[in-house]
Amino acid sequence: WRRVDRKAEAREAERQHAGRALHVYPDEDGTVRIRGRLTPEVGALLMQALAAAREAVYPKNVPAGTCAPGVSQETPTMEQQQADALALLAETALHHGIDPGAPGERYQVVVHVDAPVLADADQAGQSVLEDGLRVPAGTSQRLACDASRVVMRHAPDCRVVEVGARTRTIPPALRRALHHRDRGCRFPGCGVRFGQGHHLRHWAHGGPTTLSNLALLCRRHHRAVHEEGYTLDRQADGELRFRRPDGRVLPEVPLPHEVPDDPVHAIRARHEAQGLVLHARTATPGWLGERLDLGWAIDVLHPLARSAAPIEWACNWPARHHSIT
Ligand SMILES: [Zn+2]
Ligand SMILES: [Zn+2]
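First residue of the sequence shown? That's 19 in the numbering used here, and the numbers climb one at a time after it.
Encoded structure:
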């Protein structure tokens with residue numbers, strides 16, 4: 019049942035991912051409305067960013083009466099604070115350049131995941147965001163690929179008995195070397211500058227955190243590898259090899275279309291072989307303003323009429339066709 023359960027979960031995650039959307043549009047009075055839907059882990063990221071920005075705009079524990087006289091003492095509502103926080107997020111993003119940096123350095127999306135689940139998605143165990151929302155094991159494996167890691171040991175009664183030090187799964191120096199080597203997402207044809215370090219063999223499976231076991235992937239393609247069935251390995255010569263979910267190899271650079279030495283001649287030859295005679299007036303319509311023959315149009319186009327009277331259609335068509343050209 020575990021496998022079936024996991025498949026259903028993967029389908030649900032796929033549906034959520036496909037349903038992601040953000041609508042930002044001006045309303046009639048000039049204000050801007052926002053409506054959208056995010057996957058759980060991106061939602062957690064947004065809420066965390068909003069909370070951080072809110073904290074910066076409206077610090078807690080400011081004693082009453084510290085504002086200048088005449089300034090409104092009324093605390094804005096939560097919704098108003100959220101709106102101000104979003105404005106600060108937008109300003110900050112534009113001011114500092116759109117660069118997400120290394121995940122885990124500036125923000126944290128906390129995932130609690132049991133060690134067996136991280137090593138094998140089919141194992142029973144929890145994989146939940148901080149607010150208790152379950153995420154598929156593939157997602158927690160992706161988030162854990164390049165993150166801060168805190169190992170906790172639990173007693174049989176679930177009490178935490180030991181908390182390890184927080185460590186980066188990819189140390190900063192190694193990350194710099196990885197960026198220098200890969201220079202962006204390694205997925206064929208992508209090359210997006212910002213990336214996350216992907217362990218070819220996951221550290222939870224005992225994969226080492228070394229340059230040869232790492233590849234830089236953008237968020238989208240990191241997801242493709244962990245959650246959409248694409249696979250990635252390093253060949254003996256050190257080159258990466260990506261495979262589609264069906265196992266076919268993705269070429270590093272797509273093969274260009276073959277262009278013959280004299281393309282015009284080649285196209286003419288192909289048209290002659292197909293019996294096409296194309297000239298300067300070919301695209302000029304032959305219609306002279308006749309009324310539409312609806313009965314004929316339905317006979318020709320409607321699938322039911324066509325299957326009911328295939329012979330009649332076959333006979334009628336050329337005759338009528340000539341009458342209107
Ligand atoms: Zn990964
Ligand atoms: Zn990419």
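Using N, Cα and C, we set each Cβ at its ideal position, and we do this for glycine too.
Residue i Cβ short of 8 Å to ligand 2 heavy atom set
i, result
"LEU235", "yes"
"PHE260", "no"
"ARG238", "yes"
"GLY150", "no"
"VAL210", "yes"
"CYS203", "yes"
Whether residue i touches residue j by CB criterion (9 Å)
i, j, result
"ARG186", "ARG167", "yes"
"LEU136", "ALA165", "no"
"HIS198", "HIS216", "no"
"VAL267", "ARG259", "yes"
"SER230", "GLY213", "no"
"PRO154", "ALA28", "yes"
"GLU246", "PRO263", "yes"
"LEU106", "ALA69", "no"
"VAL60", "ARG38", "yes"
"CYS208", "CYS176", "no"
"ILE188", "THR157", "no"
"ARG261", "LEU250", "yes"
"ARG211", "GLY202", "yes"
"ALA133", "ALA222", "yes"
Residue i Cβ short of 8 Å to ligand 1 heavy atom set
i, result
"CYS163", "yes"
"VAL135", "no"
"ARG184", "no"
"VAL243", "yes"
"GLN144", "no"
"HIS217", "yes"
"HIS197", "no"
"HIS220", "yes"
"ARG167", "no"
"ARG160", "yes"
"GLN352", "No answer is possible for residue 352: it lies beyond the span of the chain, which begins at 19 and ends at 343."
"GLN214", "yes"
Beta-carbon separation (whole angstroms), residue i vs residue j, contact threshold 8 Å
i, j, result
"HIS130", "GLN141", "With a Cβ gap of about 15 Å, HIS130 and GLN141 do not count as contacting."
"PRO269", "PRO190", "Not confirmed; about 34 Å, so no contact."
"LEU218", "ALA195", "The Cβ separation is near 16 Å, so there is no contact."
"ALA12", "VAL75", "Residue 12 falls outside the range modelled here, since the chain spans only 19 to 343, and no answer is possible."
"VAL14", "PRO44", "With the chain covering only 19 through 343, there is no way to say anything about residue 14."
"GLY54", "HIS41", "6 Å"
"VAL179", "HIS172", "7 Å"
"ALA242", "TYR248", "4 Å"
"GLU148", "VAL128", "4 Å"
DSSP beta-bridge partners of residue i
i, result
"ALA108", "Note: ALA108 sits in no beta bridge, so no partner."
"ARG55", "ALA39"
"ARG29", "According to DSSP, ARG29 bridges with nothing at all."
"THR249", "ARG261"
"HIS216", "ALA233"
"VAL50", "PRO44"
"VAL267", "ARG261"
Minimum Cβ-Cβ distance from residue i to chain B less than 9 Å
i, result
"ALA155", "Of the protein chains in this structure there is only one, and it is not chain B."
### Task
Any chance you could list the alpha helix (DSSP H) runs of at least 4 consecutive residues sitting entirely within the segment 269 to 302, in chain order?
281 to 291
### Query
Mind pulling the beta strand (DSSP E) runs of 3 or more residues that sit fully within the segment 129 to 187?
129 to 131, 145 to 147, 170 to 172, 178 to 181
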